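Just below is one structure, and these are the notes that go with it.
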Amino acid sequence: MAAERYNPKDTEPRWQKAWDAAKLFETKNEDPRPRYYVLEMFPYPSGRIHIGHVRNYTMGDVVARYKRARGFNVLHPMGWDAFGMPAENAAMQNKVHPKEWTYQNIAVMRRQLKLMGLSLDWSREFATCDVDYYHRQQMLFVDFLDKGLVHRKQSKVNWDPEDMTVLANEQVIDGRGWRSGALVEQRELTQWFFKITDYNEELLTALDGLDGWPEKVRLMQKNWIGKSEGLLLRWEIAGDAPASEIEVYTTRPDTLFGASFIAIAADHPLAKELAAKNEKLAAFADKCRQMGTSVAAVETAEKIGFDTGLKVRHPFDSDWLVPVYVANFVLMEYGTGAIFGCPAHDQRDLDFANKYGLKVTPVVLPSGMEKSAFVITDKVFDGEGVMINSRFLDGMTPQAAFDDVASRLGQTMLEGRPQSERKVQYRLRDWGISRQRYWGCPIPVIHCEVCGTVPVPKKDLPVKLPDDVEFDRPGNPLDRHPTWRHVNCPQCGKPARRETDTMDTFVDSSWYFARFTAPWENEPTDRKQADSWLPVDQYIGGIEHAILHLLYSRFFARAMLATGHLGVAEPFKGLFTQGMVVHETYRNEAGWVEPAKVRISGEGDGRKAVLITDGTPVEIGPIEKMSKSKKNTVDPDDIFESYGADTARWFTLSDSPPERDVIWTESGAEGSFRFVQRVWRLVSELAAAPAAQAGGGGDAPAVRKAAHRALKLVGGDIERLGFNKAIARIYELVNELASPIAAVAAGKADAALADACRGAADILAQLISPFMPHLAEECWAALGHDTMIGTQPWPVFDPALVTENEVTMPVQINGKRRGDLTIARDAGQSAVEAAVMELDFVKAALNGAAPRKIIVVPQRIVNVVV
RNA sequence: GCGGUCGUGGCGAAACUGGUAGACGCAAGGGACUUAAAAUCCCUCGGGCUAUGCCCUUGCGGGUUCAAUUCCCGCCGACCGCACCA
Numbered sequence: 122m123a124a125e126r127y128n129p130k131d132t133e134p135r136w137q138k139a140w141d142a143a144k145l146f147e148t149k150n151e152d153p154r155p156r157y158y159v160l161e162m163f164p165y166p167s168g169r170i171h172i173g174h175v176r177n178y179t180m181g182d183v184v185a186r187y188k189r190a191r192g193f194n195v196l197h198p199m200g201w202d203a204f205g206m207p208a209e210n211a212a213m214q215n216k217v218h219p220k221e222w223t224y225q226n227i228a229v230m231r232r233q234l235k236l237m238g239l240s241l242d243w244s245r246e247f248a249t250c251d252v253d254y255y256h257r258q259q260m261l262f263v264d265f266l267d268k269g270l271v272h273r274k275q276s277k278v279n280w281d282p283e284d285m286t287v288l289a290n291e292q293v294i295d296g297r298g299w300r301s302g303a304l305v306e307q308r309e310l311t312q313w314f315f316k317i318t319d320y321n322e323e324l325l326t327a328l329d330g331l332d333g334w335p336e337k338v339r340l341m342q343k344n345w346i347g348k349s350e351g352l353l354l355r356w357e358i359a360g361d362a363p364a365s366e367i368e369v370y371t372t373r374p375d376t377l378f379g380a381s382f383i384a385i386a387a388d389h390p391l392a393k394e395l396a397a398k399n400e401k402l403a404a405f406a407d408k409c410r411q412m413g414t415s416v417a418a419v420e421t422a423e424k425i426g427f428d429t430g431l432k433v434r435h436p437f438d439s440d441w442l443v444p445v446y447v448a449n450f451v452l453m454e455y456g457t458g459a460i461f462g463c464p465a466h467d468q469r470d471l472d473f474a475n476k477y478g479l480k481v482t483p484v485v486l487p488s489g490m491e492k493s494a495f496v497i498t499d500k501v502f503d504g505e506g507v508m509i510n511s512r513f514l515d516g517m518t519p520q521a522a523f524d525d526v527a528s529r530l531g532q533t534m535l536e537g538r539p540q541s542e543r544k545v546q547y548r549l550r551d552w553g554i555s556r557q558r559y560w561g562c563p564i565p566v567i568h569c570e571v572c573g574t575v576p577v578p579k580k581d582l583p584v585k586l587p588d589d590v591e592f593d594r595p596g597n598p599l600d601r602h603p604t605w606r607h608v609n610c611p612q613c614g615k616p617a618r619r620e621t622d623t624m625d626t627f628v629d630s631s632w633y634f635a636r637f638t639a640p641w642e643n644e645p646t647d648r649k650q651a652d653s654w655l656p657v658d659q660y661i662g663g664i665e666h667a668i669l670h671l672l673y674s675r676f677f678a679r680a681m682l683a684t685g686h687l688g689v690a691e692p693f694k695g696l697f698t699q700g701m702v703v704h705e706t707y708r709n710e711a712g713w714v715e716p717a718k719v720r721i722s723g724e725g726d727g728r729k730a731v732l733i734t735d736g737t738p739v740e741i742g743p744i745e746k747m748s749k750s751k752k753n754t755v756d757p758d759d760i761f762e763s764y765g766a767d768t769a770r771w772f773t774l775s776d777s778p779p780e781r782d783v784i785w786t787e788s789g790a791e792g793s794f795r796f797v798q799r800v801w802r803l804v805s806e807l808a809a810a811p812a813a814q815a816g817g818g819g820d821a822p823a824v825r826k827a828a829h830r831a832l833k834l835v836g837g838d839i840e841r842l843g844f845n846k847a848i849a850r851i852y853e854l855v856n857e858l859a860s861p862i863a864a865v866a867a868g869k870a871d872a873a874l875a876d877a878c879r880g881a882a883d884i885l886a887q888l889i890s891p892f893m894p895h896l897a898e899e900c901w902a903a904l905g906h907d908t909m910i911g912t913q914p915w916p917v918f919d920p921a922l923v924t925e926n927e928v929t930m931p932v933q934i935n936g937k938r939r940g941d942l943t944i945a946r947d948a949g950q951s952a953v954e955a956a957v958m959e960l961d962f963v964k965a966a967l968n969g970a971a972p973r974k975i976i977v978v979p980q981r982i983v984n985v986v987v
């Protein structure tokens, strides 16, 4: 009667085949049931999947399987974010073509993902480097161009000297390329840009409606868009100068009477003109530019300036002359490249003023402080208060003063124009998408000397990447290709040349979710299908994409809406950012040591690690993100091989909340595997139990109650993506079922208990099915069902089974629990009070006196205050 | 510097909307079964004490409340994002 051990190597491939044969996870667009779209961020085909992918895709799969069981027509597709630099690096290092390298990796990773038993619709699979896909992306580009959403301009760009390509602002992290880590340089280049700034206000305000997104991500996007409301303010230059005025941007016009200098950027047109005639200034400007290239320098850089000798007139007092400096902390890229400095209320201005001995006049007095006691030395005041030293603004709040200044200067004229106007400024810049690389989507444009830049006509699309390219030198192979770039102008027919830049790979991932809804379509999307599937109900991926990919996709949806390819503006209704899988690190004199070679003993501070082979000590390092260099990786294939996919799936969702990192431990994985075996043992023992029972007791209602309670809680937990909690509930249920099932298996229970156990086991199989689908199928079959559990509806929770007529409430004396009271569920306040007064420990506490108060929270708690 | 998140046993963590703090898992210790091992099962597992009970305990210090891990104020610490953005 001893049950055989569960063998995932046998069951997992068997059930995967059965699902495939039944086409269980292929989604039909014609299916009339309500739709649910769950998507995990598609992987870059780097070579092999890592355990982080396992966690990410398991989360999506749990949701997909659960929603399917709840009666939804679920779309759960998979594809490959397949263009990008690593393929070219591999080409250069290993003499393998990027295409070959990429598709080989895809084949390996597809096989690995299939081992996981994910309920994916593989019939919709594509890679972004498929001609079919980038063809449609080129169609989108041409339509965007036509609609004025793409433009070409010369600008200062971030140049990654190692990857020899341009990077978007979003791809520069701490002054370094996000992929290469090389220090980024500034270069002037002509580039293609998507006009994401056309949507800055909308991208900002629509964030409020994204209540299915983590607050953190919304905030990060909000800060990235960086809206500020202020005033453009024109200052007349006194005396002879190359210009007659300087325009500044300020968010604090209320502090205008605290102004003590004007500062302009080294790249400001006026600064350039002055520098042309002033060698010292030119040298100073050069110094500023050099400092500007590295963020590290900016952090420590001192505020320095150069007095131009120019003076401007204060807008409210033409006799008040303010000096003009060129300063290193003013950016040409933001606002007008010129500011007015109010040292008392801006820390940078104060540092600058203190260095150059400029006047510091406080104009906002903190509420409740005496004017005489208010002194600014080296720390500014930037809080709320009341205006002082500001003539007609005195006594106002800063907000009122802001409005007063805006309205007055909006009416005074300077050279025929209002002296100021309200201006909303954003930090967000247009998205530069040109990359000087081969392995990307070609930008479908032709440069003609006569006609200018001409989009490739749609009938001539796709512009295919040539296969015969050389990677023997750095730079863009498309540029060096002998024939590819030569083409006749589609307008005039004269010889012209192709654009050789390709698109940023973030373009590819900005609309793939829409393509999945109809990947066979000739147009980029099938409007009917896209509109009814989108927005994605639940999107799951890493927090590292909080800005880049998620902001670009939101822009793309709007651009596709404007060009008629989509009917929705927001691509992702629900967003979940999952944590990583991390692992402890180990090292000895020889360097990092693989976890598999280490044995651990002891606990707490006394934990010790030794090398298994010779017992020499190993230092236990910090828990870190898995990386090859620290050798703390775990290969999913090894896990599948020794424990099976179900164990890996179960473990990566156990213990830690999904948004937090989970620590991979060998003992934890073994624990999960033990649980797999435990479930199988219980189910198979129950299935093998003798039909004739010897009678005798067991609490059948308690078994049913436990199962239904778990059913209710696990369902709720999955809905809220509380996978770790759902798993804890399932453990609880199994603990509760263990001894009743053992009794049934031993033939020592009556028919009622046996019946209750079979019902509970059915429920258990269904509860684990989203997490461990292979085990669930095996149990379901063992329990005598001839269906697949993957086709079964989620069981209906029966509230009557979990409510009881009596409740047990804790009873507190002065807020401390002293005992409990079991009483009818619907007992009223007075009945509870009366019952409590009869309890011995309450009588003892009262010692004959009457209680001061009795608080009764029905069905919850009683507190007696003495 | 600005903005945000979070501090609970040896460890990962639970605790619905202010209502029994530590569910569940890992590790550890003890025991049963076994010739033995594996597997499995049972018990203990925040700290203290004058121990059938009582006291303390959710980073620290205050406050509100009958009642605080949860709300408020002030510190300390960790992590994340942005960063000369006017």
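Position one of the first sequence corresponds to residue 122 (the numbering used here), numbered consecutively onward.
Ideal Cβ positions, reconstructed from N, Cα and C, are used throughout, including at glycine.
Keep in mind the model is a prediction, meaning the values are calculated, not measured.
Measure how close the beta-carbons of TRP785 and VAL739 come, nearest whole angstrom, since I'm counting them as under 8 Å.
-> Working through the first sequence from its first residue, we reach residue 785 at position 664. Working through the first sequence from its first residue, we reach residue 739 at position 618. 18 Å between Cβ atoms; not a contact.
Contact between the region 467-480 and the region 373-389 (3+ Cβ pairs under 8 Å) | Enough Cβ pairs lie closer than 8 Å, so yes.
Element boundaries [beta strand (DSSP E), containing CYS569] | As a position in the first sequence, residue 569 is number 448, starting the count at 1. Start and end: 566-569.
Since ALA831 and LEU270 are thought to touch, with beta carbons under 8 Å apart, how far apart are those beta carbons, to the nearest angstrom?
-> The sequence position of residue 831 within the first sequence is 710, counting from 1. The sequence position of residue 270 within the first sequence is 149, counting from 1. Between LEU270 and ALA831 the Cβ distance is about 52 Å, and since that is not below 8 Å, they are no contact.
Using the DSSP secondary-structure output, state which residues sit across from TRP313 in a beta bridge.
-> Numbered from its first residue, the first sequence carries residue 313 at position 192. Under DSSP, TRP313 forms a beta bridge with ARG273.
Measuring alpha carbon to alpha carbon, tell me which of VAL800, VAL985, PRO916 ends up nearest ALA903.
-> Looking up residue 903 in the first sequence gives position 782. Nearest of VAL800, VAL985, PRO916 to ALA903, Cα basis: VAL800.
Determine contact between the region 863-882 and the region 765-778, defined as no fewer than three beta-carbon pairs at a distance below 8 Å.
-> no
In whole angstroms, what is the alpha-carbon distance linking PRO483 and GLN540?
-> Walking along the first sequence from the start, residue 483 turns up at place 362. Walking along the first sequence from the start, residue 540 turns up at place 419. A direct Cα-to-Cα measurement between PRO483 and GLN540 gives close to 24 Å.
With which residues is PRO563 paired in a DSSP beta bridge?
-> As a working note, residue 563 is residue 442 in the first sequence. Answer is THR623, bridged to PRO563.
With C-beta atoms as the reference, is VAL702 less than 8 Å away from GLY173?
-> Numbered from its first residue, the first sequence carries residue 702 at position 581. Numbered from its first residue, the first sequence carries residue 173 at position 52. In contact: VAL702 and GLY173 (Cβ atoms closer than 8 Å).
Mapping DSSP to helix, strand and coil, what is VAL804?
-> Taking the first residue of the first sequence as position 1, residue 804 is located at position 683. Correct three-state label for VAL804: helix.
Helix or strand or just coil, what does DSSP make of SER439?
-> Reading the first sequence from its first residue, position 318 is the one you call residue 439. Reduced to three states, the DSSP call for SER439 is strand.
Of the listed residues ASN845, ALA870, TRP299, nearest to LEU807 (C-alpha basis) | Here residue 807 corresponds to residue number 686 of the first sequence, with the count starting at 1. Ranking ASN845, ALA870, TRP299 by Cα distance to LEU807 puts ALA870 first.
Sequence-distant residues of the same chain with beta carbon closer than 7 Å to THR414, five excluded per side | The count along the first sequence starts at 1 and reaches residue 414 at position 293. Since pLDDT at THR414 reaches only 47, below the 50 mark, its modelled position is unreliable, and no value is offered.
Mind the definition here: the region 656-663 touches the region 265-280 only if three or more C-beta pairs lie below 8 Å; say whether that holds.
-> Cβ pair count under 8 Å is below three, so no.
Fully enclosed by the region 494-573, which alpha helix (DSSP H) runs are 4 residues long or longer?
-> Counting whole runs of 4 or more residues, the region 494-573 contains the alpha helix (DSSP H) stretches 519-532.
Any idea which residues DSSP pairs THR754 with across the strands?
-> Translated into positions along the first sequence, residue 754 becomes position 633. In DSSP, THR754 forms no bridge with anything.
Span separating the alpha-carbon of GLU394 from that of TYR477 = Here residue 394 refers to the residue found at position 273 of the first sequence. Here residue 477 refers to the residue found at position 356 of the first sequence. Rounded to the nearest angstrom, the two C-alpha atoms are 23 Å apart.
Measuring CA to CA, which of PHE247, LYS220, ALA639, HIS218 is closest to ARG231?
-> Within the first sequence, the letter at position 110 stands for residue 231. For ARG231, the nearest C-alpha among the options comes from PHE247.
Along the chain, where does the alpha helix (DSSP H) that runs through TYR187 open and close?
-> Locating residue 187 in the first sequence gives position 66, where the first residue counts as 1. Run containing TYR187: 172-190, per the alpha helix (DSSP H) assignment.
Return the chain-ordered list of same chain residues with a C-beta closer than 7 Å to the C-beta of MET453, the five sequence neighbours on each side being excluded.
-> Reading the first sequence from its first residue, position 332 is the one you call residue 453. Only ALA386, ASP388, HIS389 meet the Cβ criterion.
Return the bridge partner residues of ASP941 from the DSSP annotation.
-> In the first sequence, counting from the first residue as 1, residue 941 sits at position 820. Bridge partners of ASP941: PRO931.
Whole-angstrom distance between GLY880 and LYS138, CA atom to CA atom | Residue numbering aside, residue 138 sits at position 17 when the first sequence is read from its first letter. Residue numbering aside, residue 880 sits at position 759 when the first sequence is read from its first letter. When rounded, the distance between both Cα atoms is 28 Å.
Who does PHE427 pair with in a DSSP beta bridge?
-> Residue 427 sits at position 306 when you count from the first residue of the first sequence. For PHE427, which the question treats as bridged, DSSP gives the partners VAL447.
GLU644 to PRO611 span [Cα, whole Å] = Within the first sequence, residue 644 is the residue found at index 523, counting from 1. Within the first sequence, residue 611 is the residue found at index 490, counting from 1. Each residue's Cα considered, the two are about 22 Å apart.
Simplified DSSP assignment, three categories, for THR414 | Your numbering for residue 414 matches position 293 in the first sequence. Residue placement at THR414 is flagged as unreliable, the pLDDT there being 47, under the threshold of 50; the coordinate-derived value follows with that caveat. It is coil, neither helix nor strand.
In terms of alpha-carbon separation, which member of GLN557, LEU352, MET162 lies closest to PRO598?
-> Position 477 of the first sequence, counting from 1, holds the residue named residue 598. Nearest option by C-alpha distance: GLN557.
Could you pull the start and end residues of the alpha helix (DSSP H) that ALA325 belongs to?
-> Stepping through the first sequence from its first residue, residue 325 is reached at position 204. Correcting the residue type first, residue 325 is Leu in the shown sequence and not Ala. LEU325 -> alpha helix (DSSP H) spans 321-326.
Exposed or buried, which one is ARG988 when buried takes at least 16 other CB atoms within 10 Å?
-> Because the chain is modelled from 122 through 987, residue 988 falls outside the range shown and cannot be assessed.
From this set, ASP876, LEU325, HIS895, CYS250, which residue's C-alpha is nearest THR132's C-alpha?
-> Looking up residue 132 in the first sequence gives position 11. The shortest C-alpha separation from THR132 is found at HIS895.
Euclidean distance between Cα positions of ILE509 and ASP515 = For the purposes of this step, residue 509 is taken as residue 388 along the first sequence, with counting starting at 1. For the purposes of this step, residue 515 is taken as residue 394 along the first sequence, with counting starting at 1. Roughly 5 Å separates the two Cα atoms.
Cross-strand partners of ALA617 (DSSP beta bridge) = Counted from its first residue, the first sequence places residue 617 at position 496. Note: ALA617 sits in a beta bridge opposite VAL608.
Alpha-carbon spacing of GLY462 relative to ARG550, whole angstroms = Residue mapping note: residue 462 aligns to position 341 of the first sequence, counting from 1. Residue mapping note: residue 550 aligns to position 429 of the first sequence, counting from 1. One C-alpha to the other measures close to 25 Å.
Looking at the unbroken alpha helix (DSSP H) that takes in ALA683, where does it start and where does it end?
-> By 1-based counting over the first sequence, the position of residue 683 is 562. If you look at ALA683, you'll find it in the alpha helix (DSSP H) that goes 669-683.
According to DSSP, what are the bridge partners of HIS704?
-> As a working note, residue 704 is residue 583 in the first sequence. Answer by DSSP bridge pairing, in chain order: GLU745.
Please classify THR318: does DSSP put it in a helix, a strand, or coil?
-> Working through the first sequence from its first residue, we reach residue 318 at position 197. Shown here, THR318 sits in a helix according to DSSP, grouped into three states.
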